[in-house]
Each structure stands twice: as C-alpha cells, then as structure tokens.
Amino acid sequence: MRGWRHTILASFVFLSRNFVRQPIYSFLILTISIITLTFSWQVDAIQVGAERGDKYLPLLKGKRVGLVVNQSARVHGQHLLDYLLDHQVDVARIFAPEHGFRGDRGAGVYINDGKDTKTGVPIVSLYGANKKPKSEQLTDIDILVFDIQDVGVRFYTYLSTMFLTMEAAQENGLSYLVLDRPNPNIAYVEGPVLDNHFRSFVGMVPVPILHGMTLGELARMVVGEKWLAGDGSLNLTVVPVAQYSAQHDYVLPIAPSPNLPNQQAIYLYPSLCLFEATRVSVGRGSDFPFQVFGHDQIQLGPLAFTPRAITGVAANPKLQGKVVYATDLRHSEQRGLSLGWLVQAQAAFAQHGKVMINSPSFFDKLAGTDVVRLALAQGLKAHQIDAIWQQEVQTFKTRRLPYLLYER
C-alpha cells in the first residue's frame, strides 16, 4: 500500500516543481494530495477485529477458549494464539480448517489432529476425520473464537468451517465470537444463489458465489436467518473491523491459502475455480495458480507451462508433466465473476469434439446449481447465463441489509 502512495506523492513533487507557477496546477496538486493522504490514512487506520483487544479480551476472561484459526490470525504480526496466551487467556484447543493451522497444506489434503509445537496446545483438524467439532472435543470449552481471513467467495471453504463450528457451538451451549476481517472482493455480489439441492462443503449457505460480505456480517446473517440447525439460541458476538468500508481496496498481508499467493489470484479465483471440475488447468503446480487457464491438447492461449508437483501446494496437479497452452491472466483487470472464460473454453472443447466438464456433480456443487452447466451445454453466451440469476441476487442484497456492518 505504501508503495503506490510514495509513487503518487513523488509524482506530485515533480509536478509541483515544474508547474508551481501556474495557480490552477498548484490548486490541483493540493487537492489531489489531500485526497490521497486522506485515503491513505483511512487504509492505514483499519484495525481488524483481532487487533481490537479492548473489545474482546474482557469477554474471554475466566473462559476456556477454543480457537478456529489458521496462519492468517495475526495481531500486529503476532499470531492470535500467542497474543491470547500472553494475555493469560486459557486456550484449551485449536480447530484448524482446510490447509491446516499453518496454512501449508494443499487443497483437499486430508489433515490429521496434532499439537502446536510452540505452545503445546492440541490441534483438532476440521479437514480430516470430521469437518465439524465433535461434542467430546468441546466439553472443556466455553467459547469458540473464529479468526480466519476469507476472500468473499462461497466455495472457499472457510465460510463452511465457520458455519459448522457455529452450529457445533449452538448444539453444545457455547458462545461464539467472530474477530472480523476485510473481504478483498466485498464490492461484488454476483453469481447464482446456492440451491440447497446442491448443498455441500463447498457451498453450505444460500448466498451468491460472490456475496459481498465479511464473515462477521455473514455470521450475523446465519443467526438472523436461522440457517443453523437447532433452536436458534447461539450467543454470537462480532468484533467489527474499525475504520473500514466497502470502498477500501484491501490488500491481504498474508496469503490465505497456498494456491492464492497474491491479490491477482484472489481477484480471479471466483471466475476460475469452476474450472476445477473440468479438464482445464488453472495453473496449480506452476508459479501462477489461479492466474491462467489452459489444456495440453486444446490450445486455449499462447502461454506454455508444465504443471509440476510442489510440496505443500500441489501434490498431484492436473495435467502434471504435460505442456499446457493457456490464457495468461496475470495482468488482467477483470474483477468479480466472469463466465466468459468458461464459455470460451467450452466452445473450444466442443469444436474439437471433446467434453470439458468431466465432473458434473462437483461442477454443480461449486456453482450451487445445475443451471450454469446446462446453459454452457446449450451454447449460451456469458451475458445470457448471467441474466438468469439477476433477480435472486437483488433479492439477496435486500435480505442481507439488516446484517451489514460496513458502509456500502
């Protein structure tokens, strides 16, 4: 963030030195400088929920705490676990999502229970034998604290982990605390709302693919709309992000998972993830996962790369060892949900007499409906497919209003 700010300010210095004698230029320079510095101050002033200890440490005093966290749970560079232990909070157990407590496991990799080597706190994997805490794992806990950086996409599984741990908390009489974090895709509410017939771990709540909410806001909606199984008695607290609004272009300080290594991948992920249920590679096993899409037999673009196994990132990537010809999106300015690339690839496969979607069941679970797959098969264009769910997206936008915490 500071990099672009310094560049802009350096440009202002250059302009002021060259045009200071022109009153209109001086006025423009002063105005733009004030706007830039004001926006810069707002971004720097953002405090994620975990950094607002004064708001939640009193709630944890004398309580036995379970943490639902991974490597993104940071408090000014310190892990939340260490921060809480430094403040004499009794942390009884850690519950780790997909990719593990340290975020160093590849997508879909089975993870066993373990223990934090630094603190000795036991770790229960929620991406192993079970995805929801068992009652016996909660008997010595009073409150679950959730702090995981999300990317605002329904099939990114941290949302499902939050939902299932909320449900477990309600069933076992525990309180639930969400330390909120910004959503880097908060500006976009796009894609089909989940049809419950296609409910799975990659889609558990009836929201669009891009829901435009933080997990704290979604937790409020989950409780308010009574989406949890049970009596609706969950005691939920959300510590919001301070000085944050949807106008902030938030850059994640830590990669949320191994195959989303940078902001570009995070922006492209909503559009490219549907390719995971097809024969098309999205760059797993390369230096640019979720920034390309291609195939070895059907040339989808000029970029050539060969997927390889990468420890902790891509153990067995699609099309491993084969030369893939791909569209390079590393410099694309596309944001939100773009179906154009799916349509393009579908047409290319059809032209060669080949089937692109080789896992229709998984594709429908990712999409949250079978409408996208059927529309692609019919040869519909991207804008025609997108038009199908516009009314339900508008309905969702209205439905979510009572639960929003930040200016839109």
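Note that UniProt numbering has the sequence shown beginning at 1, numbered continuously upward.
Even glycine gets a Cβ: it sits at the ideal position worked out from N, Cα and C.
Remember, it's a predicted structure, so these values are computed and weren't measured experimentally.
Residue 59 - containing alpha helix (DSSP H), residue span = Indexing the sequence shown from 1 puts residue 59 at position 59. Boundaries of the alpha helix (DSSP H) harbouring residue 59: 53 to 60, taken from the DSSP string.
Sub-8 Å separation of residue 249 and residue 216 beta-carbons = Taking the sequence shown and counting its residues from 1, one reaches residue 249 at position 249. Taking the sequence shown and counting its residues from 1, one reaches residue 216 at position 216. Not a contact, by the Cβ cut-off of 8 Å.
key: Selected residue, minimal CA-CA separation from residue 346, among 356, 138, 170 and 176   = Here the question's residue 346 lines up with position 346 in the sequence shown. Taking only the C-alpha atoms, the option nearest residue 346 is 356.
task = For the stretch 203 to 241, list the beta strand (DSSP E) runs that are entirely contained and at least 3 residues long, ordered along the chain.
result = 235 to 239
Runs of beta strand (DSSP E) lying entirely within the stretch 87 to 158, each at least 3 residues, in chain order = List check, beta strand (DSSP E) in window: 90 to 96, 122 to 125 and 143 to 147.
message = Helix, strand or coil for residue 364? Go by DSSP, reduced to three states.
response = Here the question's residue 364 lines up with position 364 in the sequence shown. DSSP places residue 364 in helix when its eight states are reduced to three.
ask   = Within 10 angstroms of its Cβ, does residue 134 collect 16 or more other Cβ (buried), or is it exposed?
value = Your numbering for residue 134 matches position 134 in the sequence shown. Exposed, since its Cβ has fewer than 16 Cβ neighbours within 10 Å.
inquiry  = Can you give me the C-alpha to C-alpha distance between residue 374 and residue 66, rounded to a whole angstrom?
reply    = Indexing the sequence shown from 1 puts residue 374 at position 374. Indexing the sequence shown from 1 puts residue 66 at position 66. Between residue 374 and residue 66, the C-alpha separation is close to 43 Å.
query = Is residue 129 near the ligand MG, in the sense that its beta carbon is under 7 Å from a heavy atom of that ligand?
reply = Among the components modelled here there is no ligand, and therefore nothing to report on the ligand MG.
query = Taking the alpha helix (DSSP H) that residue 294 falls in, what are its first and last residues?
reply = Along the sequence shown, one-based indexing puts residue 294 at 294. Residue 294 -> not in any alpha helix (DSSP H); beta strand (DSSP E) instead, spanning 292 to 295.
request  = Give the range of the alpha helix (DSSP H) segment to which residue 328 is assigned.
outcome  = In the sequence shown, residue 328 corresponds to position 328, counting from 1. It is not in any alpha helix (DSSP H) - residue 328 instead sits in the beta strand (DSSP E) that spans 324 to 328.
request  = Could you tell me whether the stretch 222 to 233 touches the stretch 241 to 257, where touching means 3 or more Cβ pairs closer than 8 Å?
outcome  = no
query = Buried or exposed: residue 110, going by 16 or more other Cβ atoms within 10 Å of its Cβ?
reply = Locating residue 110 in the sequence shown gives position 110, where the first residue counts as 1. Classification of residue 110: exposed, given that the 10 Å Cβ count is below 16.
task = Please classify residue 331: does DSSP put it in a helix, a strand, or coil?
result = Numbered from 1 along the sequence shown, position 331 holds the residue referred to as residue 331. Coil.
inquiry  = Cutting at 6 Å between CB atoms, please list the residues of its own chain near residue 275, excluding the five before and the five after it.
reply    = Locating residue 275 in the sequence shown gives position 275, where the first residue counts as 1. Closer than 6 Å at Cβ, skipping near neighbours: 282 and 293.
key: First through last residue of the beta strand (DSSP E) which encompasses residue 66   = Here residue 66 corresponds to residue number 66 of the sequence shown, with the count starting at 1. Run containing residue 66: 64 to 69, per the beta strand (DSSP E) assignment.
inquiry  = Count Cβ pairs between the stretch 135 to 153 and the stretch 204 to 220 that sit closer than 8 Å; are there 3 or more?
reply    = yes
inquiry  = Quick check: what's the CA-CA separation for residue 59 versus residue 238?
reply    = Looking up residue 59 in the sequence shown gives position 59. Looking up residue 238 in the sequence shown gives position 238. Using only the alpha carbons, I get a separation of about 12 Å.
CA-to-CA distance, residue 159 to residue 268, given in whole angstroms = Here residue 268 corresponds to residue number 268 of the sequence shown, with the count starting at 1. Here residue 159 corresponds to residue number 159 of the sequence shown, with the count starting at 1. Approximately 18 Å, taken between the alpha carbons.
ask   = Between which two residues does the beta strand (DSSP E) carrying residue 175 extend?
value = Along the sequence shown, read from residue 1 onward, the residue named residue 175 stands at position 175. Taken as a continuous stretch (DSSP letters only), the beta strand (DSSP E) holding residue 175 covers 175 to 179.
key: Closest residue to residue 364 among 61, 339, 265 and 197 (Cα-Cα distance)   = Along the sequence shown, one-based indexing puts residue 364 at 364. Taking only the C-alpha atoms, the option nearest residue 364 is 197.
ask   = I think residue 143 touches residue 177, with their Cβ atoms under 8 Å apart; what is that distance to the nearest whole Å?
value = The sequence position of residue 143 within the sequence shown is 143, counting from 1. The sequence position of residue 177 within the sequence shown is 177, counting from 1. The Cβ separation is near 6 Å, so the contact holds.
query = In whole angstroms, what is the alpha-carbon distance linking residue 376 and residue 163?
reply = Walking along the sequence shown from the start, residue 376 turns up at place 376. Walking along the sequence shown from the start, residue 163 turns up at place 163. Computed Cα separation, rounded: 31 Å.
Check whether residue 368 and residue 192 have beta carbons under 8 Å apart = Walking along the sequence shown from the start, residue 368 turns up at place 368. Walking along the sequence shown from the start, residue 192 turns up at place 192. Against a cut-off of 8 Å, the Cβ pair of residue 192 and residue 368 comes out as a contact.
query = Would DSSP call residue 281 helix, strand or coil?
reply = Counting from 1 along the sequence shown, the entry for residue 281 is found at position 281. In this structure, residue 281 counts as strand in the three-state DSSP scheme.
key: Buried or exposed (CB count within 10 angstroms, at least 16 for buried), residue 322   = To locate residue 322, count along the sequence shown from 1; it is residue 322. Exposed is the call here.
ask   = How many angstroms separate the CA atom of residue 71 from the CA atom of residue 254?
value = If you number the sequence shown from 1, residue 71 lands on position 71. If you number the sequence shown from 1, residue 254 lands on position 254. Computed Cα separation, rounded: 8 Å.
query = So what's residue 165 in DSSP terms, helix, strand or just coil?
reply = The count along the sequence shown starts at 1 and reaches residue 165 at position 165. Note: residue 165 maps to helix in three-state DSSP.
task = Note down the Cα distance separating residue 494 from residue 235, rounded to an integer number of angstroms.
result = Limits of the chain in this structure are 1 at one end and 408 at the other, which puts residue 494 out of reach.
task = Could you spell out where the alpha helix (DSSP H) holding residue 265 opens and where it closes?
result = Reading the sequence shown from its first residue, position 265 is the one you call residue 265. Per DSSP, the continuous alpha helix (DSSP H) segment holding residue 265 begins and ends at 263 to 272.
inquiry  = I need the straight-line Cα distance from residue 240 to residue 207, nearest angstrom please.
reply    = Taking the sequence shown and counting its residues from 1, the one referred to as residue 240 is at position 240. Taking the sequence shown and counting its residues from 1, the one referred to as residue 207 is at position 207. Their backbone Cα atoms lie some 21 Å apart in a straight line.
message = Less than 8 Å between the C-beta atoms of residue 243 and residue 252, yes or no?
response = Walking along the sequence shown from the start, residue 243 turns up at place 243. Walking along the sequence shown from the start, residue 252 turns up at place 252. No; because the gap between Cβ atoms is not below 8 Å, this pair is not in contact.
message = Is it buried or exposed, residue 379, if we count other Cβ atoms within 10 angstroms and call 16 or more buried?
response = For this step, residue 379 is matched to residue 379 along the sequence shown. Result: exposed.
request  = May I ask you to report which of helix, strand or coil DSSP gives residue 456?
outcome  = Since the first and last residues shown for the chain are 1 and 408, residue 456 lies out of range.
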